[in-house]
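In the numbering used here, the protein residues as written are 206 to 524. Even for Gly, the Cβ is constructed at its ideal location relative to N, Cα and C. Below is one structure, written out as structure tokens, with a few remarks after it.
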Amino acid sequence: MDDETDAFALDYDAELTDEPQFRKYRKPVDLTDLVEASESPHEFETTYKPSRFEKSWLGESLAPFYQQNLITDVLYHVKGGKEASVYCCIAHPSTGFDLLAAKVYRPRRFRNLRNDKMYREGRALLTADGTVAKRTDHRLMRAIGKKTEFGVQAQHTSWLMYEYTTLQRLHADGAAVPKPIGAAENAILMEFQGDILKAAPALSDVGLTTDVALTLFAESLRNIELMFRLDVIHGDLSAYNILYWEGKITLIDFPQVSSVETNVHAAFILQRDITRTCEYFQRQGVSCDPDQIFEELWERYAAERIKATDNLEPFEEED
Ligand SMILES: Nc1ncnc2c1ncn2[C@@H]1O[C@H](COP(=O)(O)OP(=O)(O)OP(=O)(O)O)[C@@H](O)[C@H]1O
Ligand SMILES: [Mg+2]
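Structural data, given as structure tokens:
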């Protein structure tokens, strides 16, 4: 790795302070002017000042959202996680929102992928338009098998599109998830939780009164059940991936979703999601039994579904 890429990795990883890097709320950026003024078509000025090494990746990743008139500015960096960095953006008025969250996936070589094989079990590969890749696409299948640049990019796209299409399904069915607004090669755009000065904290950083805890626990269970009814298991659910803003919760971070129909580890993953969620609420004074909640849910939805799909051969993403 050369010095530049190394510095980029470090810089991109840099933990940011709690203070958002908000400078001033200024008038929306005009992409056309910026594109003409900048050296590279992807390097436009934003209120948020990215570091030198973050700049081109951020510009390249968000350019489609500027071009589609979905955002007009980047206000501040919210947080860098294992696989993505999230930014607070000013929404284009046509979206009907004031602010939007851009989740920019890290460049592949810097992503600290979760051990994702367990989640990909039985999962179809999704293409950039969110449709399932055809098994007869031999060029693609070969590229994935051989882990060529093209194949790795296809898996990266699939990971991101699982997050986006899951948000679409869940939002349409009334789950407490951010409304998805756009998807591009390296980023997704969604409803923002927070305001121009700060993003919503994760539930893990919030202490609740018992009354509020009971209400939010019921809402969490409603969401877990609603997802399960749609055959969606979050896979990384805990108080770290539930945001809290103005008395309401929002579930986030869906790229690793899995399905009872195709994932043999589904029971383990669901039980872990329920247990981790219960652990937080138990600390807030809610008495609950995660094993019992899991068993009831599993019996209600999974058994029938597994029976119905027993004879189907799953289509797996290859390694
Ligand atoms: N819609 C949103 N509105 C406001 N903040 C958000 C939104 N989505 C994500 N965030 C913030 O960005 C952080 C990282 O997002 P997310 O969990 O989706 O990415 P990640 O890279 O998988 O992170 P991690 O590795 O921490 O799980 C979240 O913990 C949250 O603070
Ligand atoms: Mg997360």
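Helix, strand or coil at residue i [DSSP, three-state]
i       : result
Ser-492 : coil
Ser-443 : coil
Pro-385 : strand
Gly-399 : strand
Arg-510 : helix
Leu-330 : coil
Ser-463 : strand
Asp-238 : With a pLDDT of 40 at Asp-238, under the threshold of 50, the modelled position of this residue cannot be trusted; read the value that follows with caution. Note: Asp-238 maps to helix in three-state DSSP.
Ser-261 : helix
Enclosing beta strand (DSSP E) for residue i [first to last residue]
i       : result
Ala-392 : 392-396
Lys-308 : 304-310
Residues bridged to residue i [DSSP beta-bridge criterion]
i       : result
Gly-285 : Ser-290
Ile-276 : Ala-296
Ala-407 : Leu-448
Ile-454 : Tyr-449
Val-190 : Residue 190 lies beyond the residue range present for the chain, which begins at 206 and ends at 524; the question has no answer from this structure.
Ile-438 : Ser-463
C-alpha distance - residue i paired with residue j, whole-angstrom precision
i       : j       : result
Asn-446 : Ala-348 : 33 Å
Cys-294 : Ala-508 : 43 Å
Met-366 : Thr-414 : 37 Å
Ser-245 : Phe-258 : Caution applies to Ser-245, whose pLDDT of 48 falls short of 50 and renders its modelled position unreliable; the model cannot decide the point.
Arg-481 : Ser-443 : 5 Å
Leu-330 : Asp-416 : 43 Å
Gln-398 : Gly-452 : 12 Å
Ala-392 : Glu-500 : 36 Å
Tyr-324 : Trp-364 : 10 Å
Ser-492 : Gly-412 : 16 Å
Gly-286 : Leu-456 : 16 Å
Arg-340 : Lys-351 : 15 Å
Leu-372 : Pro-255 : 28 Å
Ala-423 : Leu-402 : 30 Å
Phe-355 : Met-346 : 10 Å
Leu-326 : Trp-503 : A quick correction: the sequence has Glu, not Leu, at residue 326. If you take the alpha carbons of Glu-326 and Trp-503, they lie about 19 Å apart.
Val-437 : Arg-427 : 13 Å
Glu-484 : Phe-302 : 34 Å
Within 9 Å, strictly: CB atoms of residue i and residue j
i       : j       : result
Glu-466 : Arg-510 : yes
Tyr-310 : Ala-289 : yes
Lys-308 : Met-395 : yes
Asp-474 : Ala-381 : Note that residue 474 is Ile in the sequence shown here, rather than Asp. Contact: no.
Leu-280 : Ile-386 : no
Gly-440 : Val-462 : yes
Leu-448 : Ala-377 : no
Ala-268 : Val-291 : no
Ala-407 : Thr-362 : no
Leu-421 : Leu-375 : no
Ile-479 : Pro-460 : no
Opening and closing residue of the alpha helix (DSSP H) in which residue i lies
i       : result
His-361 : 354-377
Ala-418 : 415-434
Gly-350 : 343-350
Tyr-324 : 322-325
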